[in-house]
Structures are given as C-alpha cells and as structure tokens.
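Protein chains in written order, with my numbering: chain A, 7 to 471; chain B, 7 to 471.
For every residue, glycine included, the Cβ atom is placed at its ideal position computed from N, Cα and C.
Read the structure below first, then the notes.
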C-alpha cells in the first residue's frame, strides 16, 4: 500500500474534515512513513541492545552491572547529540543472589533424592549455610493459604502452585491473575510460621527454567523463597499427592545489603516552541540478575533512546521538549520512577505525556492509556486518530488501563500516560530467567516498536493536548 | 475482558440489530470463546507438529519423507474420528538435492580461496562432477539482467543480488517484490548463455544461512543455480567491486528424476444440514528438503487438522461439510492444488469457501480474502462482522488479495478463498532453510491461529454465503 493510498483511505473514512486538517493528515501519514523507513533501515536500537546485553549483562539496581548500564546509556545519549544529558541520583534497596540455590526432594516414599530447578526470589532470606529440610504443604491460591490454620503451615515449606491460565489471550492478564502467588504468598506463609516458600514460575512455557522476580516481605518477616520450574513444580505436586510426608531440602545464600546509590539516566531535546512542555519516554535500566535483561527491559531502554536519535538524524525539531528517561530500580522498589515524579513536582515541571515501553521487544499491537478522568476522554479521542495512522504498522489496539510502573507516579500530575503494548505470547517464556537474552529479541520487531513510539510522540508533539 | 462485556461492546457498535441477530451474536461470541479456550488448553496441533518435524522431517513431494508425512497425517485424521479420510493421487515432479553444494571464490586479486554459503535451488541442474569455474557478473534487478547483452553474460556465472526491502512492513510484500530474482532470474541468465546462477537469499535476517526455493526453467534450459547466504552475498559483491575478474568455483550434484506418485491427504466431517456444501481448510504437506518444514507448512497442516479435531471434541456438528485438505507439491509444482480443484469440478462438488494457512505459525494478524468480483463484496461484508468477533483474539486485519497458492485453482469455481495472515516479521528468517525447525514455532502462537481459523469456519458454516 502506498502512502498516498493510505492517505486517501483515511480521507474516505472522514470525508467531513476541513482542507486544513486534510493537509495535516497527509503530512502526518508521510512523516510517520518516513519515521518507519528510517528506523527499519538505519536504526541503532538493535546494536545498542546487543552491547547492553552482551557487554554490560544483567544489571540489578545498585550492582556493578547497574553502574555499567548507567555509564553506557549516558554515553549513547551523549552520542545522539541531545541538548542535555544528566543523571538523577536514586537510593535503592540492594539484594544479591549469591551462588547457591539448591532444592531437592528427600525422604519421599515415592522417589529418592530428586533435584528441583529453582532460583531465589528477590528479597528472599538465605537459609542457614547447611540448608533447611522440612515437609511441604501445597496451596493453589492465595485465599487457600490465607484460610489455612497456622498450625498446618508452621515449620513447613509452603509450595504455592497456581498455573497461569492458558485461555487468557493476553499473557499479561494471566500474569496479573497469578502474580500475587509470588509477590504476596511467601510473606503470608512466613506470618503463619512457614520455614520457606516455593513458588511455581509465572510462565506458560512447559520447560523447567525457574523464574525470579520480587517477593515482598514485611520487614523482619523474611524467609527463604524460590521460584521453581514448571516441570519441577508438576513433579513435586505429583509426589506430594502420593506421599504427603515428603520432605524438601533447600539451601540459599542470597542476602540483603545496605541501600546503594544509582541513577535515572536522562537525555532531552529541547522544544523549539514550548520548551516547558515535556513529553517523556522511557523504560527501566535495571534488570533481574539472571539472563541479560533483553526483553525486560533493555528493549524499552533502546527503543526510548531511538526516539531521540530518530528525531535528531531526521532533522526533526520538536515543538515540545522530548525527554528520554531510563528509570532505576523498577524490578525491586520503583525508586527511580518515584524519584523522577517527585523531582518533576518539586521543580514545577509540566509533563504533558509520558510513554513507557516495558512489555518486551516483540511485534507491536498498540498502546494503552491512563490519565486522571477529567483529561482521559479528550486525550483518548485525539490518540484514536493517531492510532488510525499507525494501524498499517501493526498498532491496532488503544485500550485504557495501567501504562507502566515507572511513569505511574506522574499520573497525579495530570500527565497522560501511555504504555507500549507488543504481542504478549512469548514474553513470559523469558521473563526474569536466564533466557532473557539478546538472541531472543528480533531486530525488526524491536524496531517496529521504536518507530511506533517515535511516531506517537511526533503526533503528540505536533498537536499537544 | 469477559465475553459478556465483549458482547455488550459489539451491541453498542451496532445498535440497530434485531433481537434475533443479537441472540445470534451473543451465541457467536460465546462459541468463539469456547473454541479458543479449548484449543489453548487442550489442542493437539503442537504435538502433531513435533512429530511431523522430528519423526518425519522434511518431505519434498515424492520423497520417502513425503510418503511418511502422508501416512502420518492420514493416521491422525483417522484418529480424530472424521466421517471419511482418503488419499487423492497426484503425480509430481521430483528433484533431489544430492550431497554436494560447494561454492568458493577463486582467482581473486583481493582474497584467496573463500568459501561461500550456498544451497541448490529447486530444479537446479547439477554441475559436471568436477564443478565449474567462471567469472561472475552481478546484477541487481531482473530488468538489468534482461537489458544486458548476451555477450556480457555468456560463459559467466550470473550473481542476482537484490536485497529485500526492510522498509516494507509486511515481509511478504518485500518477498513478493524480490522473489522474481530467484524464480525467473536463473532462466533468463541461462537463455543469455550463463553457465550458472547465484541468487541472494530472500530474507531480511543478516545471517549467512542460504535459502532454497523453486527456480523455474524452460525445459532443456536448466543451469546450476544456488541461493547464497546474505553475508556471503555481501562479501562476493564487495570483492567483485574491487576485482571484476574474480572467479567462482561451483559444484552441485542435485538431479531431476522421473515424476513420482504422492497424495493429497483429505479428511472430512459430513454436514448435518447441507452436506453438499463444502468448506475446505488446508495447508501443504510437502516442504523443502532443508530443515523440518515447521513454519512452511507443517504449521498450516496441523492447524487445519486441529479445526476438525476441535469440532469433534467439542461435540459441534457443522451444518456443512468441513474438509481438511493437505495439499501435495505446493513448493515445486502446485500439482496437488490443481488436482484437487480439477476433481472437485469433475465431480460437481460445491465448495462455498476454502481457507489456507501457509504464512507460518506466528501470532495472528487476520485474514485475506479473494473471490470472483460478483461474490466478493457480499462475502467481505459478512466476513467483516466475523472479524469483529475475532478482533479480541488478535485478528485485526481483513484485506483482499491472493489467499493461498493451493486453493487458488478453486477461485474459478465461485469459491470464497481465505488466507490466514500471521505476523510476518520472523517468517523469512526460517523460510526454505535448515532453520525451519520445530523449535522456532511457538505453541501458543500456533494455537491462536488454529483457534481463529476454526472460529472463522464455525461462523461461515453457521451463516453460509
């Protein structure tokens, strides 16, 4: 389909538009086409991601990898020719995985010693250096655990075993539904006197790769807690069904450390007409300490940097200030997003929109939107027009709802929030695992996302709210 | 989003509908939801594909692998509980790759002997057993080759080097544009006296894996012709620019054999009300003789079989006859599709619709449609309503245009043709290569396609044309 044809199609859909808006629409279709052409043929995001994954590697906030990522992204933003690049200090909680994560079935009438594939969950307590051994009690939902008497839980390892629902079309919906098993389950188990917690990995892939992720404890309530691979979880469940007296051995040497200093990395192109109106675009620079943080969220970082590079290379001077923000500590604290919003407020900055890409580097599906009710409806109507221009590039959806953890704190400042929504089918194959690597990100899919986000920002910048 | 909410949404979009159609619409939304639930939680397509890839392997029509595939798919259709399963004999051309495909740069002032990654194209002639050595002439388009004097081409190896366009959003469009370099280029070169042809692989992935595929010669005009990996193509082009006298050595032992007998594999569920109205769904059972034919087109075969299994397992009795057709010889002759349409005509069968899945096993995007002009418009309007029901499952697009090579011959019999359109970004990473393997097909993506095709057929069956 030629762009002129696309333009005619749009005209046919809205025949009452004025000549002025027709001219604008034609220019928009052209410009969006130019942006996609540029990113798909001359983009940098894929090579940036290669470096971030292969040379920096994983980068939990406050870690040496985290510092390397901050330095690399700052250098890249400098190289783009931003008007300003700076670091915003953030104090973050710091936890290290250590070297030991051993878990095995012992003392079962059904099998002998059988290893289980596990990894520590973020903020898990360590076990004593000799490990712990205990009977296991399986629960299949948070409410089942909550209703259970302390007596049944005390001195045991609680096995939180709820599969993600394969019939949910968006895997993020299935994740949302099952996620409390990991984030809340171990803390509830600890309060009932459990010695440890084993949580079924949040994935729909039938492999045996354990998934990490944060689990949240009341202070002083921490117990050892691990994610377990799906096959191991199924094995453990079957064996428990046959022999409820089965014991499990668990050994972890992860540890919490004092808070560390790291940074939000920020670069901007100053607006030519309304420099005080800011459009922010970002991802989170930290990643879990397994794999390479490729989809989560290296992809979102390099796509956000690509927006600025694309505008600079194409010689497009935005009317408003376009700011790329790579947030610290999304995975285990959200301190970067909180700090950014707090400072924006204290400096009286006016953000009109913020876009986050934190759903992986897969093919585009569309955007979500969120804002205070008094501004959402008007912004949605405007954005629906932009989405029509983007539909031929795979941006079919515009839904309302949560649009990114890091930009969430800006909502109360009357900012229109957008979340980039890629195809979700593969995301939880890799999420928080050793398999979240560069090889699993597809160049063109990553670039389509970067081009779509750039195009949305071009349109928001042109028309404002 | 609940199904009831989906239904309300559809109501809101078409408030003038009658109570009758509202009841129907509600039932349709429910039934489509049930189909997706079933396929995503109890589907067989992924395990069928595993067997077809890992135990049968590649299966060019007429080969032993081809025979194994026919037998396996027939057995699986039998196991579903079809009302009838049969084989339709097809005589197919037969060509074998052999064991040798060597290509290297020799006698260059720039480099010494440098290997190039190549594979024979389907119907390529062999070289003499000692190979051929010749100077190379590079062309970048079919028209450039056509305009070239025979004198410049004669005695040389023609290097057809046209990259696919990365700015095309659908990679199938980019493939369509560059495809003639492979299908027609070697024959044109041969007519001008070329000794051989080297064709840049039709892919956007910057690796060095050569892609095969058919090349069509006038009978008696065959010359040795290979596909070359992208990195090798770029190297060769650079070296030729520096030293136009560079020679290449080429050795191939592929060979054409007499025609062989193979089969279209067909299974059907008889319609309960209109058994003489047939809805066909299919893919092609043959694959190129590299890799495992996973995306091309094992995926389409198992999705088509899944339609029948889903209806049987859900206890749904279609009004019309639903027929699964696994076509022979799509890759190098299209004899299966031709035979099927010929026999349908001679038996006076009435097909109302035919759906083909031959675009890979990736996440759904929608459908294409094709039909004679007098019936297309009405069918398109009806289908657009069905697509609205399917949109929440990722079926966003309904476009007109070619809808599958195998079902194409049915068009003249007033059949409405549909092509399943998955996301295209990764398809040409694997297409016709050693990498078209089971591991590169994603279970849920494959199943979403199968469920969407099943749902479309449920709706066509319910309402007819």
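Between the stretch 273-293 of chain A and the stretch 116-123 of chain A there are fewer than three inter-stretch CB-CB distances shorter than 8 Å, so the stretches are not counted as touching.
About 27 Å separates the beta carbons of residue 383 of chain A and residue 306 of chain A, which is beyond the 8 Å limit, so they are not a contact pair. Scanning its chain for C-beta atoms nearer than 7 Å, with the 5 sequence neighbours on each side dropped, one finds around residue 68 of chain A the residues 98, 100, 266 and 268, in chain order. Taking 4 residues as the shortest admissible run, the stretch 327-378 of chain A contains the following complete alpha helix (DSSP H) segments, listed from N- to C-terminal end: 341-352. For residue 102 of chain A, the beta-bridge partners assigned by DSSP are A:261. Under the three-state reduction of DSSP output, residue 270 of chain B falls in the strand class.
Among the residues facing chain A, residue 402 of chain B is included, as its CB has a counterpart in that chain under 8 Å away. Sixteen is the threshold: when 16 or more other Cβ atoms of the shown chains lie within 10 Å of the Cβ of residue 370 of chain B, as they do, the residue is buried.
Between the alpha carbons of residue 236 of chain B and residue 56 of chain A lies a distance of about 20 Å. Under a criterion of Cβ atoms nearer than 8 Å, no residue of chain A is adjacent to residue 427 of chain B; the nearest Cβ is some 12 Å distant. Under the Cβ distance rule, residue 399 of chain A counts among the residues neighbouring chain B, one pair being separated by less than 8 Å.
In this structure, A:194 is the residue among A:194, A:177, A:173 and A:137 with its C-alpha nearest to the C-alpha of residue 159 of chain A.
In the assembly as shown, residue 425 of chain A is a buried residue. Its beta-carbon has 16 or more other beta-carbons within 10 Å. Taking residue 298 of chain A as reference, the option from A:59, A:257 and A:35 with the minimal CA-CA separation is A:59. Close partners of residue 56 of chain A in chain B (Cβ separation under 8 Å) are lacking, with about 12 Å as the shortest Cβ gap.
If you draw a straight line from the Cα of residue 28 of chain A to the Cα of residue 391 of chain A, it comes to about 13 Å.
For the pair residue 404 of chain B and residue 176 of chain B, the Cα-to-Cα distance works out to about 14 Å.
Taking 7 Å as the cut-off between beta carbons, the residues of the stretch 416-448 of chain A near chain B are 429, 431, 432 and 448, in sequence order. Contact between residue 126 of chain A and residue 260 of chain A holds, since their C-beta atoms are separated by about 4 Å, short of 8 Å. Among the residues facing chain B, residue 178 of chain A is not included, as its CB has no counterpart in that chain under 8 Å away. Taking a beta-carbon distance threshold of 8 Å, residue 348 of chain B does not count as an interface residue toward chain A. Listed by position along chain B, the residues whose Cβ is nearer than 8 Å to that of residue 43 of chain A are 173.
Taking a beta-carbon distance threshold of 8 Å, residue 460 of chain A does not count as an interface residue toward chain B. DSSP places residue 471 of chain B in the coil class of the three-state scheme, outside both helix and strand.
No Cβ of chain B is located within less than 8 Å of the beta carbon of residue 31 of chain A.
The three-state secondary structure of residue 192 of chain B, taken from DSSP, is helix. Under the Cβ distance rule, residue 151 of chain A does not count among the residues neighbouring chain B, no pair being separated by less than 8 Å. From the listed residues A:457, A:345, A:380 and A:353, the smallest Cα separation to residue 398 of chain A is found for A:457.
It is roughly 13 Å from the alpha-carbon of residue 470 of chain A to the alpha-carbon of residue 381 of chain A.
In terms of CA proximity to residue 162 of chain A, A:255 leads the group A:238, A:466, A:255 and A:374.
Straight across, the Cα-Cα distance linking residue 240 of chain B with residue 52 of chain A is about 20 Å. Within the same chain, and ignoring the five residues on either side of residue 189 of chain B in sequence, the residues whose Cβ sits closer than 7 Å to its Cβ are 220, 221 and 222. Chain A has a Cβ within less than 8 Å of the Cβ of residue 451 of chain B. In this structure, residue 96 of chain B sits near residue 342 of chain B, with a CB-CB distance shorter than 8 Å. Below 8 Å, too few C-beta pairs join the stretch 406-413 of chain B and the stretch 428-448 of chain B to call them touching: fewer than three. Here residue 390 of chain B carries a helix assignment [DSSP, helix/strand/coil].
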